[in-house]
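Taking it in order: structure first as structure tokens, then the write-up.
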Amino acid sequence: MAAVTESPSRAARLGWRRIMALKGASFTVPFFLGFLLFTVTPLVMALKESLYSEKGSGLGFGEKTVEFVGLDNFVEGFGDGRFWASMLRVGLFAVISIPVIQIASVGLALLLDAASQRVADRFRIPLLIPYMIPGIVATLIWIYLYSPVVGPLTPFLDLFGIDANFYGGELIWVSIGNLMAWSGIGFNMLIVYSALRSVDANVYDAARIDGASEWRIAWSIKVPLVRRSLVLTTVLSIIGTLQIFSDTMLFKSMAPETVTRDFTPIMAIYDWAFQQGNFNYASALSIILALVVGTASALFYRLTNKAPTS
Amino acid sequence: MTATIDRSTTTPPRPKRRATASREGTGPVRHSRRTKALVLGGVVFFTLYSLAPVWWLIVSATKNQSDLYTTNGLWFSDLHFTDNLKALFTYQDGIFLKWLWNTLYYGVVGTAGMTLVCVACGYGLAMYQFRGRGVLMGCIIGSFLVPHALLTIPSFLLFTDLRMVDTPSAIIVPSLFNAFSVYLAKVYAEGAIPPELIEAARIDGAGEYRIFFTVGARLMSTGAATIFLLGFVGSWNSFFGPLVFLRTPEKWTVMVGLYSWLKVKVDTSADLTGMVVVGSLLSLIPMVILMISMQRFWRSGVTLGSLK
Numbered sequence: 001m002a003a004v005t006e007s008p009s010r011a012a013r014l015g016w017r018r019i020m021a022l023k024g025a026s027f028t029v030p031f032f033l034g035f036l037l038f039t040v041t042p043l044v045m046a047l048k049e050s051l052y053s054e055k056g057s058g059l060g061f062g063e064k065t066v067e068f069v070g071l072d073n074f075v076e077g078f079g080d081g082r083f084w085a086s087m088l089r090v091g092l093f094a095v096i097s098i099p100v101i102q103i104a105s106v107g108l109a110l111l112l113d114a115a116s117q118r119v120a121d122r123f124r125i126p127l128l129i130p131y132m133i134p135g136i137v138a139t140l141i142w143i144y145l146y147s148p149v150v151g152p153l154t155p156f157l158d159l160f161g162i163d164a165n166f167y168g169g170e171l172i173w174v175s176i177g178n179l180m181a182w183s184g185i186g187f188n189m190l191i192v193y194s195a196l197r198s199v200d201a202n203v204y205d206a207a208r209i210d211g212a213s214e215w216r217i218a219w220s221i222k223v224p225l226v227r228r229s230l231v232l233t234t235v236l237s238i239i240g241t242l243q244i245f246s247d248t249m250l251f252k253s254m255a256p257e258t259v260t261r262d263f264t265p266i267m268a269i270y271d272w273a274f275q276q277g278n279f280n281y282a283s284a285l286s287i288i289l290a291l292v293v294g295t296a297s298a299l300f301y302r303l304t305n306k307a308p309t310s
Numbered sequence: 311m312t313a314t315i316d317r318s319t320t321t322p323p324r325p326k327r328r329a330t331a332s333r334e335g336t337g338p339v340r341h342s343r344r345t346k347a348l349v350l351g352g353v354v355f356f357t358l359y360s361l362a363p364v365w366w367l368i369v370s371a372t373k374n375q376s377d378l379y380t381t382n383g384l385w386f387s388d389l390h391f392t393d394n395l396k397a398l399f400t401y402q403d404g405i406f407l408k409w410l411w412n413t414l415y416y417g418v419v420g421t422a423g424m425t426l427v428c429v430a431c432g433y434g435l436a437m438y439q440f441r442g443r444g445v446l447m448g449c450i451i452g453s454f455l456v457p458h459a460l461l462t463i464p465s466f467l468l469f470t471d472l473r474m475v476d477t478p479s480a481i482i483v484p485s486l487f488n489a490f491s492v493y494l495a496k497v498y499a500e501g502a503i504p505p506e507l508i509e510a511a512r513i514d515g516a517g518e519y520r521i522f523f524t525v526g527a528r529l530m531s532t533g534a535a536t537i538f539l540l541g542f543v544g545s546w547n548s549f550f551g552p553l554v555f556l557r558t559p560e561k562w563t564v565m566v567g568l569y570s571w572l573k574v575k576v577d578t579s580a581d582l583t584g585m586v587v588v589g590s591l592l593s594l595i596p597m598v599i600l601m602i603s604m605q606r607f608w609r610s611g612v613t614l615g616s617l618k
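One line per chain: the protein sequences are G and Y, in this order.
The numbering of the first sequence is this note's numbering, which starts it at 1 and goes up by one.
The numbering of the second sequence is this note's numbering, which starts it at 311 and goes up by one.
Given below as structure tokens:
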């Protein structure tokens, strides 16, 4: 190699550049082979599966045949009332819970930023403990806290004459929302807080000299400055919330009457694929869900990024 | 869209540039006592909210089944922690220990391999100009938008064809190829490796692969640690993959195992609540220790990721 490098000939130099580029590209080969096999292939398979349908012989015996049905699965999916009911359920939940969680996260980040360095250092780790707890364990903890037999919450509310059933009816959404807030606020707060810490202090000093109050500074300077981080955490929340699965799956174990098997879109897809064994229809439903999630995130991103940031 | 990393978060002594003049020191404005109390009150409220459920879990793990139902959830009664541990580890021939071991095994093997594959790929994308590089980057960013559920069903069919269903490789092998880790590695390599250093190594006659292992990989070790940590936590927490791809209970992870115990109550009359509580507590101890001791790594990962 070294001999080639020192060669004065231009053609040799060009050849050496090309070999170097190839060697550089070879670093990416293992990843992209795996990416091709475990991301691109399933993606293509999902598209293909969704265009086919498995037709049984009617009695459930004998050979099943796979037929090309074009967009039939999608037509069926778009007209599937139960699937869209689950989508609407989760969509409504997202519209209410995400803003509440985001406001709480920004509020907490602002509080921590306004506190002295010592207080901020002391409280940061305890505030992040929920973020370190695996999602399943977090859900288990809250399921037990909500439980009328083991949990302390129901007897506590009983003292005030409130008869709360955290697993039933509408309240289950409050229960799930609280669980998501508990697990999510710490992470969102951390991102917003790091954005706040990177702001030059002179900006605040200038505002103070102009006579702005701390509240005014928080609202008119700090919040606009962290908007980019906020957009990011909100997009992540939209993607996460619309695909909610494990939390509701665990709640289903405790409240099977309230949390049905098609309670959320992914639960419906899981049910179609692994309980009913209809992979073709389930693939079509997952593509529809992917389209909805993509559209919702893109729409939100567009709307919030229209006006230039500060 | 800054390619340079905010290195202040990856080096231990955080710059406290604002702590002097504007905050507590000689700044022209100080917080009034009322504002201070309000701020502190708010922070304390959120801290209690964050910690109370964990406190409940710790307390409950020390109780026997009947105390769990009858005594105050937020305070201790008779201590039965060691009995509970014994029950947990002997139930069904110590299957919980098996689950812990599986989770650790899938996590360590999968994440170590993933770190190597993804750091090499990120290094290649960051340090070399070659044809198709833009397309590859586009694939990586684009794949962030693909929902997991969309891939799970066809992956199941694919893994069936590859005879991977219900084997550890169904969990380990796909986890080696993590697009987000490649993205982190690329951003990190751009910030941490000066091209002049690579050029100098070349002039000294080192080959490209040798440069990667002696110069590149060493300069990227902090980034690699971040990627490993985030990957390991992700694998410890994962639920959907193991639930779908593993059938035999002996191969399950802790999370799927705990879920199956929670479900038992509905299917039969047995009550495993005590087991689930103690098992949950044990399963999160390694995570909390790991994350607190390595917090500068995952915090740099979080801020790196938010630079998109």
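The beta carbon of each residue, even a glycine, is placed where N, CA and C say it ideally should be.
Here the structure is a predicted model, which is why all the values come from computation and not from measurement.
- Classified as exposed, residue 471 of chain Y has fewer than 16 neighbouring CB atoms from the shown chains inside 10 Å of its CB.
- Boundaries for residue 213 of chain G: no alpha helix (DSSP H) harbours it, and the DSSP string shows neither H nor E there.
- When the five nearest sequence neighbours on each side are left out, the beta carbons in the same chain lying within less than 6 Å of the beta carbon of residue 289 of chain G are those of 265, in order along the chain.
- Under the three-state reduction of DSSP output, residue 493 of chain Y falls in the helix class.
- DSSP, read as helix, strand or coil, puts residue 387 of chain Y in coil.
- Close to chain Y, meaning a Cβ-Cβ distance shorter than 8 Å, are the following residues of the stretch 177 to 191 of chain G: 182, 185, 186, 187, 190 and 191.
- Ranked by Cα distance from residue 453 of chain Y, the first of G:35, G:201 and G:89 is G:35.
- Flagged as an interface residue toward chain G: residue 352 of chain Y, by a C-beta distance shorter than 8 Å.
- If you keep only unbroken alpha helix (DSSP H) runs of at least 4 residues inside the stretch 71 to 143 of chain G, you get 72 to 78, 81 to 114 and 117 to 132.
- Pairing residue 171 of chain G with residue 164 of chain G gives a Cβ-Cβ distance under 8 Å.
- Within the DSSP bridge table, the entry for residue 52 of chain G names G:68 as partners.
- For residue 170 of chain G, the secondary structure class from DSSP, reduced to helix, strand or coil, is coil.
- Residue contact check for residue 546 of chain Y against chain G: a CB pair falls below 8 Å.
- Taken in chain order, the members of the stretch 85 to 111 of chain G whose beta-carbon sits within less than 7 Å of a beta-carbon on chain Y are 108 and 111.
- Counting only Cβ-Cβ distances below 7 Å, residue 28 of chain G has contacts in chain Y at 431, 434, 435 and 446, in chain order.
- Between residue 43 of chain G and residue 456 of chain Y a beta carbon distance of about 7 Å is seen, short of the 8 Å cut, so the two are scored as contacting.
- When the beta-carbon positions are compared, residue 64 of chain G and residue 76 of chain G stay at least 8 Å from each other.
- With fewer than 16 other Cβ atoms from the protein chains shown falling within 10 Å of its own Cβ, residue 376 of chain Y counts as exposed.
- Residues are counted here when their Cβ sits less than 7 Å from a Cβ of chain Y; for the stretch 150 to 173 of chain G these are 150, 151 and 152, given in chain order.
- Remark: three or more beta-carbon pairs, one from each stretch, lie closer than 8 Å, so the stretch 13 to 28 of chain G and the stretch 432 to 447 of chain Y are flagged as touching.
- Cβ neighbours of residue 214 of chain G within its own chain (closer than 8 Å, five residues either side excluded): 114.
- Put simply, the backbone Cα of residue 407 of chain Y is about 37 Å away from that of residue 101 of chain G.
- Per DSSP, reduced to three states, the secondary structure at residue 518 of chain Y is helical.
- The beta-carbon separation of residue 487 of chain Y and residue 419 of chain Y, rounded to 14 Å, does not stay under the 8 Å limit for a contact.
- Interface residue (Cβ-Cβ distance to chain Y less than 8 Å): residue 134 of chain G is classified as such.
- The beta carbon of residue 245 of chain G sits closer than 8 Å to some beta carbon of chain Y.
- When the five nearest sequence neighbours on each side are left out, the beta carbons in the same chain lying within less than 6 Å of the beta carbon of residue 281 of chain G are those of 73 and 272, in order along the chain.
- Straight across, the Cα-Cα distance linking residue 86 of chain G with residue 200 of chain G is about 46 Å.
- In the three-state reduction of the DSSP assignment, residue 373 of chain Y falls in the coil class.
- From the listed residues Y:589, Y:602, Y:514 and Y:433, the smallest Cα separation to residue 502 of chain Y is found for Y:433.
- Using a Cβ-Cβ cut-off of 8 Å, residue 39 of chain G counts as an interface residue toward chain Y, since at least one Cβ of chain Y sits closer than that to its own.
- Around the CB of residue 363 of chain Y, 16 or more other CB atoms lie within 10 Å, so the residue is classed as buried.
- When Cβ pairs closer than 8 Å are counted between the two stretches, the stretch 528 to 548 of chain Y is seen to touch the stretch 594 to 610 of chain Y, the count reaching three or more.
- Not a single CB atom of chain Y sits nearer than 8 Å to the CB of residue 267 of chain G.
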